[in-house]
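Just so you know, we're using this note's numbering here: the sequence shown kicks off at 17 and counts up by one. We put the beta carbon where it would ideally sit given N, CA and C, even for glycine.
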Amino acid sequence: MGDVLAGFHAAWEFESDSVLIRFERGIRTPKLFQALGERRIPLEAIAAVTLTPGKRGTVVLHAEPRPGVDPLMDVAAGQLKDACDPYRLVLPAERETLAEYYADELRAMLDTDEDTRPDGYLVAPPGAPLQFKAYDGKASFDGTSVSFRWFWTGASSAKWKAGDKTFPVADLSGVEWRSPELFEGYLRLVHRATAEEHPGQADQDPAAVVFGLGYGPVHESLPFAASVLAAVRSKAPVPSSAGQLRADSAATGRRDPADIADRIRHLGELHQAGLVTDAEFTSKKAELLAQL
17 MGDVLAGFHA
27 AWEFESDSVL
37 IRFERGIRTP
47 KLFQALGERR
57 IPLEAIAAVT
67 LTPGKRGTVV
77 LHAEPRPGVD
87 PLMDVAAGQL
97 KDACDPYRLV
107 LPAERETLAE
117 YYADELRAML
127 DTDEDTRPDG
137 YLVAPPGAPL
147 QFKAYDGKAS
157 FDGTSVSFRW
167 FWTGASSAKW
177 KAGDKTFPVA
187 DLSGVEWRSP
197 ELFEGYLRLV
207 HRATAEEHPG
217 QADQDPAAVV
227 FGLGYGPVHE
237 SLPFAASVLA
247 AVRSKAPVPS
257 SAGQLRADSA
267 ATGRRDPADI
277 ADRIRHLGEL
287 HQAGLVTDAE
297 FTSKKAELLA
307 QL
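Laid out in structure tokens, this is it:
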């Protein structure tokens, strides 16, 4: 088709085999849309197209994705609010006739008989944000492994005892994301070796980071989780600036002495409170000092 239909916060460009969604970057645009930038949705990834009345004199054009075609929607698992659904285009009610025309054109191009789950994702994952701050730690993803580095101000004693963690994508079987807008939000990595075990509370699980107090917002943690999930499913690095992250890490090598001092101070508090044994305290302190 090659035409463009502009709505609030986004514009859809209709092509012969896909819909290119370009999101605005205005201050009223949901932060998730701004983080996504643009997304190309192959027609084979769309199950149905609907046009329904919206709020306050609007209509909503909705391209419903098939299950298993988009890592972002897979990991969101129905937790996104309508206003943050990237498959919804909100338009003024006076454009209803035009929107109905494009909806009909899209429906005519869909393969309604294709009902099987695809072997791989049809929609490209978001470019990995590479890192974000959760409440109890900093999560980083370089395309091949995920790392959790705990904050002494928020991490539980269980996570401090376990130490900072690095999880190769090849060892993972999935990703769980619970929205920070819900009670007890978190991002949890599911390890192949323990996939059948019942996980504990996220704040005690070294394979999870928890959200809260503005840490781990949707527009940062959800694209991150989707990028990791796509890598887990494909067992291949996600195209991103991951190489630069690894190069930067190699260049820096040593950690900030002030950060190490804070960590040792917190470790001492845990030791005095009886939450860390003498042996654990000595071993962990030596490990931290070795990073200077």
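Near residue i, what residues of its chain come up, given a Cβ to Cβ distance below 7 angstroms and the 5 sequence neighbours on each side ignored?
i, result
"aspartate 98", "Arg104"
"valine 85", "Ala61, Pro134, Tyr137, Leu138, Val139"
"serine 250", "Gly136"
Residue i bridges to which residues according to DSSP?
i, result
"alanine 99", "Its beta-bridge partners do not exist; DSSP assigns none."
"threonine 74", "Pro108"
"proline 81", "Ile62"
"arginine 55", "Ile37"
"aspartate 224", "In the sequence as displayed, the identity of residue 224 is alanine instead of aspartate. BP columns for alanine 224 point to Arg204."
"alanine 22", "Ala27"
"tryptophan 176", "Bridge partners of tryptophan 176: none, in fact."
So the candidates are the options; which of them puts its Cα closest to the Cα of residue i?
i, options, result
"arginine 82", "Arg72, Ala93, Val75", "Ala93"
"alanine 115", "Ala22, Gln50, Gly179", "Ala22"
"proline 277", "Trp168, Leu188, Ser243", "Contrary to the premise, residue 277 reads as alanine rather than proline in this sequence. Among Trp168, Leu188, Ser243, the Cα nearest to that of alanine 277 belongs to Trp168."
"glycine 170", "Asp120, Ala150, Pro87, Leu188", "Ala150"
"glutamate 200", "Thr182, Asp219, Val191", "Asp219"
"proline 87", "Thr74, Glu112, Ile57", "Ile57"
"alanine 64", "Glu197, His78, Ser250", "His78"
"leucine 304", "Pro273, Val76, His287", "Pro273"
Would you report the Cα separation of residue i and residue j, rounded to the nearest angstrom?
i, j, result
"glutamate 31", "leucine 203", "35 angstroms"
"threonine 160", "valine 185", "5 angstroms"
"phenylalanine 157", "threonine 66", "36 angstroms"
"serine 265", "glycine 143", "No answer about serine 265 holds up, because its pLDDT of 39 lies below 50 and its placement is not dependable."
"alanine 178", "proline 222", "7 angstroms"
"arginine 111", "glutamate 121", "16 angstroms"
"glutamine 50", "glutamine 217", "32 angstroms"
"threonine 113", "glutamate 54", "25 angstroms"
"tyrosine 117", "lysine 47", "30 angstroms"
"glutamate 80", "leucine 107", "17 angstroms"
"valine 248", "leucine 146", "15 angstroms"
"histidine 287", "threonine 298", "10 angstroms"
"alanine 155", "arginine 41", "25 angstroms"
"leucine 96", "valine 35", "21 angstroms"
"serine 195", "cysteine 100", "12 angstroms"
"lysine 71", "serine 243", "32 angstroms"
Is it true that the CB of residue j sits closer than 8 angstroms to the CB of residue i?
i, j, result
"aspartate 33", "leucine 52", "no"
"isoleucine 43", "alanine 26", "no"
"leucine 188", "histidine 214", "no"
"proline 102", "alanine 246", "no"
"tryptophan 193", "alanine 241", "yes"
"glycine 228", "phenylalanine 148", "no"
"serine 205", "valine 191", "Here residue 205 turns out to be leucine, not serine, going by the sequence shown. Yes."
"threonine 68", "alanine 109", "no"
"serine 173", "aspartate 152", "no"
"valine 91", "leucine 198", "no"
Tell me which same chain residues have a C-beta within less than 6 angstroms of the C-beta of residue i, skipping the five on either side of it?
i, result
"threonine 45", "His25"
"valine 20", "Ala27, Glu29"
"threonine 182", "Ser161, Ser163"
"lysine 175", "Trp166, Pro222"
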